[in-house]
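Sequential numbering of the sequence shown, starting at 0, is according to numbering that gives the first Met the number 0.
Read the structure below first, then the notes.
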Amino acid sequence: MTDQRITIVGAGLAGSLLAICLARRGYSVTVFEARQDMRSSVVESGRSINLALSDRGIAALRQVGMDEYMLKEAVPMLGRMIHDTAGGTKLLPYSGREGEYINSVSRAGLNIALMNEAERNPNVRFIFNERCTDYDVASGELSFDSGRTFRPDVTIAADGAGSPIRQAMQRQIPGYEFSSVFLDHGYKELHIPPGPGGGFQLEKNALHIWPRHQFMMIALPNFDGSFTCTLFLAQKATDGPGFDGLKSEAAVFEFFEKEFPDAVPLMPTLIEDFFGNPTGSLGTVKCWPWSADGKALLIGDAAHAVVPFYGQGMNCSFEDVRVLDGLIAEDAATKNGDVDWASVFAKYGQVRKTNTDAIADMAEENFYEMRDRVADPIFQRKRELETRLEQTYPDYFSKYSMVTFREDLPYSIAKARGNAQDELLMEICSAAANAAEIGLDEVMERIRDLDS
Ligand SMILES: Cc1cc2nc3c(=O)[nH]c(=O)nc-3n(C[C@H](O)[C@H](O)[C@H](O)COP(=O)(O)OP(=O)(O)OC[C@H]3O[C@@H](n4cnc5c(N)ncnc54)[C@H](O)[C@@H]3O)c2cc1C
Numbered sequence: 000m001t002d003q004r005i006t007i008v009g010a011g012l013a014g015s016l017l018a019i020c021l022a023r024r025g026y027s028v029t030v031f032e033a034r035q036d037m038r039s040s041v042v043e044s045g046r047s048i049n050l051a052l053s054d055r056g057i058a059a060l061r062q063v064g065m066d067e068y069m070l071k072e073a074v075p076m077l078g079r080m081i082h083d084t085a086g087g088t089k090l091l092p093y094s095g096r097e098g099e100y101i102n103s104v105s106r107a108g109l110n111i112a113l114m115n116e117a118e119r120n121p122n123v124r125f126i127f128n129e130r131c132t133d134y135d136v137a138s139g140e141l142s143f144d145s146g147r148t149f150r151p152d153v154t155i156a157a158d159g160a161g162s163p164i165r166q167a168m169q170r171q172i173p174g175y176e177f178s179s180v181f182l183d184h185g186y187k188e189l190h191i192p193p194g195p196g197g198g199f200q201l202e203k204n205a206l207h208i209w210p211r212h213q214f215m216m217i218a219l220p221n222f223d224g225s226f227t228c229t230l231f232l233a234q235k236a237t238d239g240p241g242f243d244g245l246k247s248e249a250a251v252f253e254f255f256e257k258e259f260p261d262a263v264p265l266m267p268t269l270i271e272d273f274f275g276n277p278t279g280s281l282g283t284v285k286c287w288p289w290s291a292d293g294k295a296l297l298i299g300d301a302a303h304a305v306v307p308f309y310g311q312g313m314n315c316s317f318e319d320v321r322v323l324d325g326l327i328a329e330d331a332a333t334k335n336g337d338v339d340w341a342s343v344f345a346k347y348g349q350v351r352k353t354n355t356d357a358i359a360d361m362a363e364e365n366f367y368e369m370r371d372r373v374a375d376p377i378f379q380r381k382r383e384l385e386t387r388l389e390q391t392y393p394d395y396f397s398k399y400s401m402v403t404f405r406e407d408l409p410y411s412i413a414k415a416r417g418n419a420q421d422e423l424l425m426e427i428c429s430a431a432a433n434a435a436e437i438g439l440d441e442v443m444e445r446i447r448d449l450d451s
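Rendered as structure tokens:
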């Protein structure tokens, strides 16, 4: 046990996982959370009820022995099930290799499991209904809306995309770099309940996509047989429809029946959900520096919120925790248990920033891929070719697989290698009418040349 007291602001996914890691290293940890304890209150509906958990997130959960527990509660999604406007479907597997798939997990279930696990350590304390309002960079003092102030040895801000601690750094650190870019598209969550016998009304083991170029709907399975659908649509109609044009029940029905005819009969609460649930916005936040001397550090969405189209925001935030925990352990080992926080935070920033920038860029690019390109025959041929390559060559990984299934590979490498591969494979698939006719050995040789 060390006598250093660490404060975490935000008991969300990253903050709760970090509390477990720090407690196991012997720190006293206090976690301040703005919301009520979700274990004793109704979880707010309409905001990303389930999430795709993949290898980077699983690797971080494994470090604290929580991976198997969470996967037992997850629904595996083996590929993207594409729905056309006539109701036809086609499954595009995520990988050609067995065992490479993503998992649909409940956000609240995961968050609660992490808080419970953290609280098993007597040196962790959660304080709910305490909203941090300000941070003083010079003194390290935190202020809360209750009027309380607090000056911990070290603060880790896991307070999400709107982080007040990041905003305080931005105001107080000269030359602070900050950008937030919002998409024109917003999102709304909708619901497909379980079938009459409690079964799944769509293929259970898939992430369903209705790609419609200007907009799309997706659906992820829940453990209870339901699906959570998310409609991504422009806030304002321009060259396609927008939320602003869907103001009446009739307009919503007409839109859904035209665009998602196979889903409508499965959505008995479509109108209530559409008008009852909020329309969320989607943005990318980049900022720098992430730390204020050795006193505070931003992690997770507070440092780098990304749009959700690679299913990586949480996975990346969990990877933040794994990397930070490793650096703390490394530093403590060289200093008889004492940690030089300024040095750890500086190293952490060096290791993570290029990688979180890379996933932010890829997530935005994937929006256009999911919305426009998954329905394109050349893109579908490319996915088929990638699947065959993955089935044949153990050393071939598509960009998607590098991001999603290779926790050993930094995002920045996945991006650089993946973009070069994508360009080559699109060129090959544009020239061939059928993926089955493309000679795999020759393609693989050209891919290996890219790396050399
Ligand atoms: C629609 C949608 C779908 C998504 N799907 C996926 C997916 O499939 N896979 C994936 O990996 N990621 C996904 N994400 C991203 C993922 O939700 C985030 O990246 C992840 O939640 C980040 O974790 P965090 O702990 O940094 O922030 P959060 O989970 O936002 O937690 C922040 C916590 O801080 C608290 N807080 C905020 N302000 C204060 C304050 N002032 N004082 C005290 N506490 C405060 C909040 O109440 C919250 O508990 C999705 C996001 C959205 C919007």
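Glycine included, each C-beta is placed from N, C-alpha and C at the ideal position.
Remember, predicted model here, so these are calculated numbers, not experimental data.
(message) Could you compute how far the alpha carbon of Phe-226 sits from the alpha carbon of Met-313?
(response) 20 Å
(request) Determine the DSSP secondary structure at Gly-45, reduced to helix, strand or coil. (result) Residue confidence is low: Gly-45 scores 49 on pLDDT, short of 50, so the model does not pin down where it sits. No coordinate-derived value is stated.
(message) How far does the alpha helix (DSSP H) with Lys-71 in it extend, from its first residue to its last?
(response) 66-71
(message) Can you determine whether any heavy atom of ligand 1 sits closer than 8 Å to the C-beta of Gln-311, and answer yes or no?
(response) yes
(request) Can you give me the start and stop residues for the beta strand (DSSP E) that Asn-102 sits inside? (result) 101-105
(request) Rounded to whole angstroms, what's the CA-CA distance from Thr-148 to Ala-341? Just pull it up for me. (result) 23 Å
(request) With a threshold of 16 other CB atoms inside 10 Å of the CB of Leu-449, please say whether the residue is buried or exposed. (result) exposed
(request) Using three-state DSSP, classify Lys-246 as helix, strand or coil. (result) coil
(message) Excluding the 5 residues flanking Glu-389 on each side, which residues of the same chain have their C-beta closer than 6 Å to its C-beta?
(response) Ser-94, Gly-95, Arg-96 and Tyr-395
(request) Starting from Ile-377, trace the alpha helix (DSSP H) both ways and give me its first and last residue. (result) 376-391
(message) Tell me which residue opens and which closes the beta strand (DSSP E) that Ala-233 is part of.
(response) 226-233
(message) For Pro-220 and Ser-103, which I take to be in contact (beta-carbon distance under 8 Å), what is that distance rounded to the nearest angstrom?
(response) 5 Å
(message) Can you tell me whether Pro-163 sits near ligand 1, meaning its C-beta is under 8 Å from at least one heavy atom of the ligand?
(response) yes
(request) Starting from Val-442, follow the alpha helix (DSSP H) in both directions and report where the run begins and ends. (result) 439-450
(message) So, with DSSP's three-state summary, where would you put Thr-268?
(response) coil
(request) Examine ligand 3 and report whether any of its heavy atoms sits within less than 8 Å of the Cβ of Ile-19. (result) Absent from the structure shown: ligand 3. Ligands present: ligand 1.
(message) Under 8 Å: does the beta carbon of Ser-40 sit that close to some heavy atom of ligand 1?
(response) no
(request) Drop a sphere of 10 angstroms on the beta-carbon of Ser-451, count the other beta-carbons inside from all chains shown, and report buried for 16 or more, exposed for fewer. (result) exposed
(request) Name the two residues that bound the continuous alpha helix (DSSP H) containing Asp-292. (result) Counting along the chain, Asp-292 falls outside any alpha helix (DSSP H), and DSSP gives it neither H nor E.
(message) Under 8 Å: does the beta carbon of Glu-32 sit that close to some heavy atom of ligand 1?
(response) yes
(request) Would you mind reading off the limits of the alpha helix (DSSP H) that contains Leu-219? (result) Looking at the DSSP string, Leu-219 is not in any alpha helix (DSSP H); the run it does join, the beta strand (DSSP E), is 215-220.
(request) Using a threshold of 9 Å, state whether the C-beta atoms of Ala-157 and Ile-19 are closer than that. (result) no
(request) Please find out if some non-hydrogen atom of ligand 1 comes closer than 8 Å to the beta-carbon of Glu-368. (result) no
(request) Could you please give me the residues that DSSP links to Phe-31 through a beta bridge? (result) Val-8 and Ile-126
(request) Can you give me the start and stop residues for the beta strand (DSSP E) that His-82 sits inside? (result) 78-82
(request) Measure the Cβ-Cβ separation of Phe-254 and Gly-244 and say whether it is below 9 Å. (result) yes
(request) Determine the contact status of Gly-348 and Ser-290, defining contact as a CB-CB distance below 9 Å. (result) yes
(message) If contact is defined by three or more beta carbon pairs under 8 Å, each pair taking one atom from either stretch, is the stretch 5-17 in contact with the stretch 309-326?
(response) yes
(message) Using a Cβ distance threshold of 8 Å, determine whether the stretch 69-76 contacts the stretch 191-204, with at least three qualifying pairs required.
(response) yes
(message) Going by the DSSP bridge assignment, what does Gly-282 pair with across the sheet?
(response) Phe-181
(request) Please name the residue, chosen from Ala-328, Asp-183, Leu-230 and Leu-269, that lies closest to Asp-238 on a Cα-to-Cα basis. (result) Asp-183
(request) Apply the 10 Å Cβ neighbour rule to Asp-407 and answer buried if 16 or more other Cβ atoms are within range, or exposed otherwise. (result) exposed
(message) Less than 8 Å separating the Cβ of Glu-129 from some heavy atom of ligand 1?
(response) yes
(request) Measuring alpha carbon to alpha carbon, tell me which of Tyr-26, Ile-111 and Ser-53 ends up nearest Ser-39. (result) Ile-111
(message) Which of the three DSSP states is assigned to Leu-201 in this structure?
(response) coil
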